[in-house]
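Chemist:
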Amino acid sequence: MQKMLVEGGHTLNGKVRISGAKNSAVALLPAAILADSDVTIEGLPEISDVYTLGDLLEEIGGKVMWNGQTVHIDPEHMISMPLPNGKVKKLRASYYFMGAMLGKFKQAVIGLPGGCHLGPRPIDQHIKGFEALGAKVTNEQGAIYIRAEELTGARIYLDVVSVGATINIMLAAVKAKGKTIIENAAKEPEIIDVATLLTNMGAQIKGVGTDVIRIEGVPSLHGCRHTIIPDRIEAGTYAIAAAAAGNEVVIDNVISQHLESLLAKLREMGVTVEEGDEQLLIASKQPLKSVDIKTLVYPGFPTDLQQPFTTLLTKTVNTGVVTDTIYSARLKHIDELRRMNAIIKVEGGSAIISGPVQLEGARVKATDLRAGAALIVAGLMANGITEITGLEHIDRGYEKITEKLTDLGANVWREEMNDQEIEQFQNS
Ligand code: EPU
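Going by the UniProt record's numbering, the first residue of the sequence shown is number 1, and it counts up by one from there.
(1) Could you please give the first and the last residue of the uninterrupted beta strand (DSSP E) stretch that includes Glu-183?
(2) Please name the residue in Ala-186, Gly-209, Asp-324 and Thr-180 whose C-alpha comes closest to that of Ala-203.
(3) Following the continuous beta strand (DSSP E) through Ser-350, name the residue where it begins and the one where it ends.
(4) Using the Cβ count rule (16 or more neighbours within 10 Å means buried), how would you classify Glu-415?
(5) When you compare only the Cα positions, how much space is there between Val-19 and Leu-28?
(6) If you draw a straight line from the C-alpha of Lys-285 to the C-alpha of Ala-154, how long is it?
(7) How about the segment 308-315 and the segment 367-377: do they share at least three Cβ pairs that are nearer than 8 Å?
(8) At what residue ranges does the segment 360-410 contain a whole run of the alpha helix (DSSP H), taking only runs of 4 or more?
(9) Can you check which of these residues, Asp-55, Ala-235 and Gln-358, is closest to Ala-342 by C-alpha distance?
(10) State the Cα-Cα distance for the pair Lys-404 and His-126, rounded to the nearest angstrom.
(11) Taking the alpha-carbon positions, what's the Lys-89 to Pro-113 distance?
(12) Less than 8 Å between the CB of Gln-2 and some heavy atom of the ligand EPU, yes or no?
(13) May I ask whether a heavy atom of the ligand EPU can be found less than 8 Å away from the beta carbon of Ser-162?
(14) Compute every distance between the C-beta of His-333 and the non-hydrogen atoms of the ligand EPU, then say whether any falls below 8 Å.
(15) Return the CA-CA distance between Asn-200 and Ala-35, expressed in angstroms with no decimal places.
(16) Only counting runs of 3 or more residues, tell me where the beta strand (DSSP E) segments fall wholly within the segment 222-260, in order along the chain.
(17) Return the CA-CA distance between Leu-313 and Lys-332, expressed in angstroms with no decimal places.
(18) Is Leu-369 near the ligand EPU, in the sense that its beta carbon is under 8 Å from a heavy atom of that ligand?
(19) Measuring straight from C-alpha to C-alpha, what distance separates Asp-124 and Gln-257?
(20) Compare the C-alpha of Ser-162 against each of Thr-303, Lys-289 and Asp-49 and name the closest.
(21) One question on the structure: do Ala-93 and Gly-115 come within less than 9 Å of each other, judged by their Cβ atoms?
(22) Smallest Cα separation from Asp-277: which of Tyr-298, Ile-251, Ser-261 and Gly-270?
(23) Are Ile-47 and Lys-22 touching if we call contact CB-CB under 9 Å?
(24) Just to confirm, does Asp-124 get its C-beta within under 8 Å of one of the non-hydrogen atoms of the ligand EPU?
(25) I'd like to confirm something about Asp-38: is its beta-carbon nearer than 8 Å to some heavy atom of the ligand EPU, or not?
(26) May I ask whether a heavy atom of the ligand EPU can be found less than 8 Å away from the beta carbon of Tyr-238?
(27) Under the assumption that Pro-230 contacts Val-212 (Cβ atoms under 8 Å), give the Cβ distance between them as a whole number of angstroms.
(28) Which residue comes first and which comes last in the alpha helix (DSSP H) that contains Lys-175?
(29) Going by Cα to Cα distance, which pick from Ala-186, Ser-261 and Thr-272 is closest to Ile-293?
(30) Is the beta carbon of Ile-41 closer than 9 Å to that of Leu-221?
(31) Should Leu-56 and Phe-97 be called a contact, given that it needs their Cβ atoms to be closer than 9 Å?
(32) Thinking C-beta only, is Leu-369 closer than 9 Å to Ile-394?
(33) Since Leu-313 is in the alpha helix (DSSP H), which residue starts that stretch and which ends it?
(34) If you draw a straight line from the C-alpha of His-77 to the C-alpha of Gly-164, how long is it?
(35) Taking DSSP as the reference, what is the three-state secondary structure of Glu-336?
(36) Cβ of Ala-148 within 9 Å of Cβ of Leu-102?
Below you can see the structure in the form of structure tokens.
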């Protein structure tokens, strides 16, 4: 088990290249189940969630061949193997095996998904969609059993705008008989990326990127080659780090339109943001003004950037308020930031951050993926050394983060934890 050490006070400068989008990758890999021939996906991020899903594809009989960031998936010998336990519990996105296996085999048995603990994360809208398509869904001893005689297109109104439910219903509906209409669908760029892959496989999908998606079922889908979109959350994390501890940082391989809500807030704070061709320049000027943010579904401010943004607000003049309307309990990073000298009050589900304060290095724990990102940004801003444990969360979503930050001039490294530290970590 390792910990990360961040020595604050080194100004970030230079260029960082963004990897493929985690939240696309974790849906594109299960989507390959639906094809009858080889699917090649290029530009995948080298993160543990991607490899876990690759292992799950092999568990159901797929041939998965990696070549760096490219994967070839041969689905020919896949079978509808139950996946009640084991690796499915490691990540949230294993729930995409439900839609993909239902679409392909008309049945699926999948354990309840794991992933970051951000408060309640129900999957009732996924199940409502599967049922509307004709499936019977039961929960037996912590695994979801889904079976259908036949899948028939349906009109499905999502009560909550959900990324996962929108993608899962698309996966189940692309081979159903007739037309499916998903109303109040999510509009995140990752949904468009998955629909692009499915369309390249022969699916007929219209309206992705709007809140009404229309799918005309087709009897079979074929293999194809697909290149993933860049990770807007990774890009946003580096933009925040650059604003917090940088001079001039170029973020390369980015679709800046995917980040408009963050960029608008950075500009409001006084950060210089220049949008180029697949690049962003972030130039930080001091002092920064505080702002308030409220997370919303896309294109609103992403919940996945709320935690690192909270860290940035510790250095701004006056008070900033952060409200997460998607996951109101996504606040575990706050206690850790307080250990580092941050002054943050939680009132009525909002975090009220008083600044500016000088953060101080401390021993802190990443309790989830984006909390980890928040603590790394804090470490870059702090006096002295910050020791971060819980790296398994960070490694689920950020490719080569130690190397990328080092290239930008940060002093960041990993060390093995000794037995006493491991015991303390496990008991904390
Ligand atoms: N919701 C329901 N019922 C459902 C589904 C969702 O009530 O059946 C609620 C959730 O509890 C939440 C809201 O709807 O309050 C939105 O949830 P959504 O389904 O959109 O989230 P998700 O698909 O489970 C994905 C990302 C998350 C990201 C959210 C919101 C993946 C694998 N995960 O989760 O990413 O925060 O969308 O944008 O794509 C991360 O990358 O750190 C991460 C947590």
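Note that the Cβ used here is the ideal one computed from N, Cα and C, for glycine as well.
Modeler: According to the structure shown:
(1) 179-183
(2) Thr-180
(3) 350-355
(4) exposed
(5) The displayed chain sequence assigns Ser, not Val, to residue 19. Their backbone Cα atoms lie some 15 Å apart in a straight line.
(6) 53 Å
(7) yes
(8) 369-381, 391-394 and 401-407
(9) Gln-358
(10) 36 Å
(11) 5 Å
(12) no
(13) yes
(14) no
(15) 10 Å
(16) 225-227 and 246-252
(17) 16 Å
(18) yes
(19) 31 Å
(20) Thr-303
(21) yes
(22) Ile-251
(23) yes
(24) yes
(25) no
(26) no
(27) No, Pro-230 and Val-212 are not in contact; Cβ-Cβ is about 27 Å, not under 8 Å.
(28) Per DSSP, Lys-175 belongs to no alpha helix (DSSP H) and is neither H nor E.
(29) Ser-261
(30) no
(31) yes
(32) yes
(33) 303-313
(34) 27 Å
(35) helix
(36) yes
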